[in-house]
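The numbering of the sequence shown is our numbering, which starts it at 260 and goes up by one.
Just so it is clear, CB atoms sit at the ideal spot from N, CA and C, and this is done for glycine as well.
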Amino acid sequence: MNEIIKNIEAAQLKAEVPNFNVGDTVKVYAKVVEGNKERIQVFEGTVLKKQGGSNRETFTVRKTSNGIGVEKTWPLHSPIVDKVEVVRYGKVRRAKLYYLRDRVGKRAKVKELVK
Numbered sequence: 260m261n262e263i264i265k266n267i268e269a270a271q272l273k274a275e276v277p278n279f280n281v282g283d284t285v286k287v288y289a290k291v292v293e294g295n296k297e298r299i300q301v302f303e304g305t306v307l308k309k310q311g312g313s314n315r316e317t318f319t320v321r322k323t324s325n326g327i328g329v330e331k332t333w334p335l336h337s338p339i340v341d342k343v344e345v346v347r348y349g350k351v352r353r354a355k356l357y358y359l360r361d362r363v364g365k366r367a368k369v370k371e372l373v374k
């Protein structure tokens with residue numbers, strides 16, 4: 260039974276997954292269906308957390324829109340997520356950046372990682 264589930268999950272994995280971590284600023288290109296039309300909508304923000312593994316892996320992105328914080332959780336291997344593009348790499352020392360929820364303006368920024 261376990262092998263059957265592993266084979267099904269392996270078939271659902273995407274071939275190319277970008278390498279990004281918590282604290283990075285990313286653009287998530289998501290497919291949005293409105294009626295019979297389909298378009299791509301971009302959501303740009305900071306990655307707060309990554310969790311799960313295999314085809315169940317998800318990541319949460321936070322941005323401020325008109326002064327209000329907006330968070331969305333995306334399944335990494337979902338067909339809805341067209342692509343994930345890394346804008347800048349962040350320098351953080353934690354796995355989950357929940358403390359950014361309480362911060363506003365420049366205090367909510369993450370330092371850039373210089374490679």
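Asked, Found
"Okay, do the segment 268–278 and the segment 286–297 touch, 3+ Cβ pairs below 8 Å being the bar?", "no"
"Taking the straight line between their C-alpha atoms, what separation do you get for S337 and N314?", "8 Å"
"What is the C-beta distance between T305 and T284, in whole angstroms, given that I count them as a contact (C-beta under 8 Å)?", "5 Å"
"Within a Cβ cutoff of 6 Å, which residues of the same chain sit near G282, ignoring the five residues on either side of it in sequence?", "G349, V351, V369"
"Suppose the cutoff is 7 Å on Cβ atoms and the five residues either side in sequence are ignored; what does the same chain contact list for Q271 look like?", "N314, H336"
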